[in-house]
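S.K.: Okay, handing you the structure first.
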Amino acid sequence: MSTYQLGLIGTGNMGGALAQAAAKSGASMLLSNRTAEKAARLAAELDCAAGTNLEIAESCKFIFLGVKPQMLPALLDELKAPFSARQDRFILVSMAAGVPLGTIKKTLGLPCPVVRIMPNLPVALGKGVVLISPDDTVTEGELAELETSLRPAGLLMRMPEDKLDAGSAVSGCGPAFMYLFLDALANGGVSCGLPYPQALALAAQTMIGTAEMTLASGKHPGQLQSEVCSPGGTTIAGVRALEQHGVRAAAMDAVIAAYERTCELAEK
Numbered sequence: 469m470s471t472y473q474l475g476l477i478g479t480g481n482m483g484g485a486l487a488q489a490a491a492k493s494g495a496s497m498l499l500s501n502r503t504a505e506k507a508a509r510l511a512a513e514l515d516c517a518a519g520t521n522l523e524i525a526e527s528c529k530f531i532f533l534g535v536k537p538q539m540l541p542a543l544l545d546e547l548k549a550p551f552s553a554r555q556d557r558f559i560l561v562s563m564a565a566g567v568p569l570g571t572i573k574k575t576l577g578l579p580c581p582v583v584r585i586m587p588n589l590p591v592a593l594g595k596g597v598v599l600i601s602p603d604d605t606v607t608e609g610e611l612a613e614l615e616t617s618l619r620p621a622g623l624l625m626r627m628p629e630d631k632l633d634a635g636s637a638v639s640g641c642g643p644a645f646m647y648l649f650l651d652a653l654a655n656g657g658v659s660c661g662l663p664y665p666q667a668l669a670l671a672a673q674t675m676i677g678t679a680e681m682t683l684a685s686g687k688h689p690g691q692l693q694s695e696v697c698s699p700g701g702t703t704i705a706g707v708r709a710l711e712q713h714g715v716r717a718a719a720m721d722a723v724i725a726a727y728e729r730t731c732e733l734a735e736k
């Protein structure tokens, strides 16, 4: 019988952000990290337990593999023995980008259920996205239990595995693209005479409000844009400048480039 509901191996940027979200669900958690002190600090902050990879492998129901893709084979090799010794059912939850379910199961050589997830960093604030793709051995009940523990992260979206990399190119890489545009918008305000902290606060809150209005209204972004643009006004002049510089195409190209790079890494 599992002692902990969730075990997170790897508490770096992404693993740590996910742990912060999952802690709000009330699920019991055990954390580990290559640097043990890092896991201990986060565990103290979240009021949960810290331990070793072996302890997580032996005692957790949902075992999150929050390591870089190139580190995953060695981790699976380390965990194979304790996994083989277990008599109860447990589920692996991989966060390794570009590593298919089939590769994980083949590398491990055990029939345990596996779920791939792709979270983004805003999950730490409850405003993120977690893409979820289970293999066909994960039950609906197990998936529902996993989703309950992750619900404080933000938007949860089930997705077929063959669409996961495309989804991650938008939601996983997207925050970096948004930060770039956010900084540019703020610097535009600086160019017009605003102090940077003030311009950044205006740009960030505007981005938050715009995103929430898009989700709440259900309207196409093009329609919302047209509602802001008065004929011959200031906003349409700015939109024209963005279109002249190919901002829309550049954003599309950024997502496509991220997706293609993920596909390249998966082939290695």
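Going by our numbering, the first residue of the sequence shown is number 469, and it counts up by one from there.
Beta carbons are placed, not taken as given, at the ideal position from N, Cα and C, and that holds for glycine.
These numbers come from a predicted model, not from an experiment.
1) Nearest to residue 622 by CA position, among 578, 720 and 490, is which residue?
2) Determine the direct distance from the alpha carbon of residue 628 to that of residue 694, and round the result to whole angstroms.
3) Start and end of the alpha helix (DSSP H) containing residue 482?
4) Should residue 607 go down as buried or exposed, given a rule of 16 or more other Cβ atoms within 10 Å for buried?
5) By DSSP's criteria, residue 477 is part of a beta bridge. Which residues make up the other side?
6) Which of the three DSSP states is assigned to residue 606 in this structure?
7) Is residue 539 helix, strand or coil by DSSP?
8) May I have a chain-ordered list of the alpha helix (DSSP H) segments no shorter than 4 residues that lie completely inside the stretch 702 to 730?
9) Any contact of the stretch 472 to 481 with the stretch 491 to 507, i.e. 3+ C-beta pairs under 8 Å?
10) Which same chain residues, not among the five before or five after residue 595, have their C-beta less than 6 Å away from its C-beta?
11) Between the alpha carbons of residue 659 and residue 703, how many angstroms are there, rounded?
12) Under 9 Å between the Cβ atoms of residue 589 and residue 655?
13) With a Cβ-Cβ cutoff of 9 Å, do residue 602 and residue 584 count as a contact?
14) Using a 10 Å radius around the Cβ and a threshold of 16 neighbouring Cβ atoms, would you call residue 563 buried or exposed?
15) Taking only the alpha-carbon atoms, compute the straight-line gap between residue 734 and residue 538 and give it to the nearest angstrom.
16) Count the other C-beta atoms from every protein chain shown that fall within 10 angstroms of the C-beta of residue 512, then say buried if there are 16 or more, exposed otherwise.
17) On the three-state DSSP scale, how would you describe residue 567?
18) Alpha carbons only, please: which of 597, 651 and 682 is nearest the one belonging to residue 640?
19) Could you say if the stretch 518 to 527 and the stretch 543 to 552 meet the contact criterion of at least three C-beta pairs nearer than 8 Å?
20) For residue 561, which option in 552, 720, 677 and 610 has the closest C-alpha, if you only look at C-alpha atoms?
M.R.: For this structure:
1) 490
2) 34 Å
3) 481 to 491
4) exposed
5) 500 and 533
6) coil
7) helix
8) 702 to 712
9) yes
10) 622
11) 17 Å
12) no
13) yes
14) buried
15) 10 Å
16) exposed
17) coil
18) 597
19) yes
20) 610
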